[in-house]
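Notes for the one structure printed next.
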Amino acid sequence: MMSVRLSEMNLPRFPLLTDEEMNELLKKVQEGDTEARERLINCNLRLVFNLVKRFANRGYELEDLFQIGTIGLIKAIDKFNMSYNVKFSTYAVPMIIGEIRRFLRDDNPVKVSRSLKENAYRINKARDTLTKELEREPTLQEIAEKVELSTEEIVASLEAVQMPSSIHDTLYQDDGDPIYLIDQLSSEKDENQWFEKLALREVLNKLSEKEREIIMIRFFQDKTQMEVAQMVGLSQVQVSRIERQALKKFKSLLNEDGCQTG
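So the sequence shown is numbered by the numbering used here: it starts at 1 and just counts up by one.
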């Protein structure tokens, strides 16, 4: 019922921006144009709204989380620089999600429901069991099947009980929603590294599924070719060949359109 009330906010009156309009407004914001800043905020409220819905049933009113998410949007607008060479949404989404997650962590950890804590316990236990059985890190889907939960429920449960210092410890071989992965790995303490990952993310989805999987594990999880081979069920020679092909394609895509902003 709370989400119904939130969905009736007068967001549709702010039209979606074209890439050209977005670029123009971002340039004006960097020049100190407050009207352009206000328009960027208003026209991206639906983005905030869509992200906030992921945090339903956390014990908070969605209207409050929407306000927190909007703060993340404003920070993204104020900190964004055209030289980052990534789309604004690619930069803004982790900022918005991060702002909400920090609020949920810092406000009152006691508010985490018992069911989420129990799910997190089951998930971690299943992860340990599968790691021993498979002799490798299990995929998110494998864990989901083991505990009979959706991947979304697993992410929500782990995020709910996760302490800030352990964010970077929770890594999965997952080909699902890339937002979760980049948010897990990004660090405001090392923005240059983060921006590099965001730029790479722009072209990752243009690789084949197998190429993307291998690059993701090698780049984001810092695994050796032998470790990757064990995780994906291929020989090291095959992994090496696919990696070379992917990197060659990667460089070509970066030169071709990986530096577009918007």
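For each residue, glycine too, the CB sits at the ideal point set by N, CA and C.
Within the region 41 to 110, the alpha helix (DSSP H) runs of at least 4 residues that lie entirely inside it are, in chain order, 45 to 52, 62 to 79, 88 to 107. DSSP places T18 in the coil class of the three-state scheme, outside both helix and strand. Between the C-alpha atoms of E21 and V29 there is a straight-line separation of about 12 angstroms. Per DSSP, E137 lies in no alpha helix (DSSP H) and is assigned neither H nor E. Per the coordinates, the alpha-carbon of L73 lies some 16 angstroms from the alpha-carbon of M82. Counting of Cβ neighbours within 10 angstroms places N119 among the buried residues, the total reaching 16 or more.
Taking all protein chains in view, the Cβ of T90 is crowded by 16 or more other Cβ atoms within 10 Å, so the residue is classified as buried.
The residue from E145, L116, G98 with its alpha-carbon nearest to that of G59 is L116. Of the residues assessed, S235 falls on the exposed side of the cut-off, its CB having fewer than 16 other CB atoms within 10 angstroms. In the three-state reduction of the DSSP assignment, N205 falls in the coil class, being assigned neither a helical nor a strand state. By the beta-carbon neighbour count (other beta carbons within 10 angstroms, threshold 16), A92 is buried. Non-local C-beta neighbours of F66 in its own chain, meaning closer than 7 angstroms and more than five positions away in sequence, comprise L6, V48, F49, V52, ordered along the chain.
In this chain, the alpha helix (DSSP H) harbouring E227 covers 225 to 232.
Distance from the CA atom of R46 to the CA atom of K75, rounded to whole angstroms, is 16 angstroms. I214 places its beta carbon 7 angstroms or farther from that of K223. The Cβ atoms of E99 and I77 do not sit closer than 7 angstroms to each other. Secondary structure of S252 (DSSP, three-state): helix.
Assignment of D33 by DSSP, reduced to helix, strand and coil, places it in the coil class. Just so you know, the alpha carbons of F88 and P15 end up roughly 16 angstroms apart. A Cβ-Cβ separation of about 6 angstroms places E142 in contact with L130 under the 8 angstroms criterion. Around the C-beta of A56, fewer than 16 other C-beta atoms lie within 10 Å, and the residue is accordingly described as exposed.
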